[in-house]
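Heads up, the thing below is written out as structure tokens.
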Amino acid sequence: MKIKEVTQYLEERFPLRLQEDFDNCGVQCGDVEQDITGVLVCFEMTEKVIEEALSMNANLVISHHPLMLKRGICKIEPKDRVGRVICKALEHRMVLYSMHTNLDSAAGGGNDLFAEKLGLCETRVLVPTHHGDLADKNGLGRIGSLPTEMSMPQFLKYVKEKMDLQVVRYRGNNDKPIRTVAVCGGGGSSFIEDALAAGADAYVSGDIKYHDFFRADEKMLIADIGHYEGEFFIKEIIYKVIKEKFSTFAASISKMDILEVMYL
36 MKIKEVTQYL EERFPLRLQE DFDNCGVQCG DVEQDITGVL VCFEMTEKVI EEALSMNANL
96 VISHHPLMLK RGICKIEPKD RVGRVICKAL EHRMVLYSMH TNLDSAAGGG NDLFAEKLGL
156 CETRVLVPTH HGDLADKNGL GRIGSLPTEM SMPQFLKYVK EKMDLQVVRY RGNNDKPIRT
216 VAVCGGGGSS FIEDALAAGA DAYVSGDIKY HDFFRADEKM LIADIGHYEG EFFIKEIIYK
276 VIKEKFSTFA ASISKMDILE VMYL
């Protein structure tokens, strides 16, 4: 089996045209015409992940975050993480492939799983894709309803338990009950107004800056759980899709790209 058979299937499930303009989904480097020996799925490509793939004889590494964004790199030298990863991958005839905002936006992708982990019901797309033929179930963010109405303290405790968090940064009105919740994995500060306009009582995302917390004017709770914490589970989707479709090679989730953050 060729590597391209796997990447083509992934692109049928999660079309590349769903990616945002700044993004660079798909092949990062390597020859997809070669036979596949194994797949390693990761969140972030690092030298440790490449070494892990080599130890498993996997020549296809699939990450969520791409190594290079559009207009993000002009030359490749082994002088930084990106350069070292690419050079080592090419040295060992490895293909590096990324599924980023196309997987965030697609039906059955990262944001659907995020909403599912929070137990949201009757979910719909928060910001539909601009591709009209795909706009029905595809786009960034999701919005839905909690099984039961909660107070703000109850909801924050609920989020911490469901997402296995130690801390949550937030701002909101303690007297406002919460039933309708919007989510966006990764960095979602761009969609605060969209969540508010959609009638959300709470918006859960990551990478919320200080001034962003004031944009809802306390009409909606804004909860920042962190960029990594809001989408690390996206590896589960990639792995599951590959395992269900292909059985002729080994596929694994990386054990080497876990973000370790210390709290005092």
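Per the working numbering, numbering of the sequence shown is gapless, rising by one per residue and ending at 299. Idealized CB from N, CA, C, for every residue including glycine.
In the DSSP assignment, Pro101 falls outside any alpha helix (DSSP H), carrying neither H nor E. Per DSSP, the unbroken alpha helix (DSSP H) holding Ser90 starts and ends at Glu82 to Met91. Counting every other CB atom within 10 Å of its CB across the protein chains shown gives Ser289 a total of 16 or more, marking it as buried.
One Cα belongs to Leu181, the other to Cys109, and the distance between them is close to 46 Å. Going by C-alpha positions, Tyr238 is about 42 Å away from Lys37. If the five residues before and after Lys244 are omitted, its C-beta is found closer than 7 Å to the C-beta atoms of Ser224, all from its own chain and listed in chain order. About 6 Å separates the beta carbon of Ala286 from that of Tyr274, a gap short enough to meet the 8 Å contact definition.
Asn92 counts as exposed, since fewer than 16 other beta carbons sit within 10 angstroms of its beta carbon. Apart from the 5 residues on each side of it in sequence, Ala88 sits with its Cβ closer than 7 Å to the Cβ of Leu75, Val96 and Met129 in its chain, given in chain order. C-alpha of His165 to C-alpha of Asp171: approximately 10 Å in a straight line. Considering only Arg116, Gly61, His99 and Gly65, the residue with the shortest C-alpha distance to His127 is Gly65.
By the CB criterion at 8 Å, Val41 and Phe281 fall inside the cutoff. For the 8 Å CB-CB criterion, Ala217 and Ala230 form a contact. Per DSSP, Ser282 has no beta bridge partner at all.
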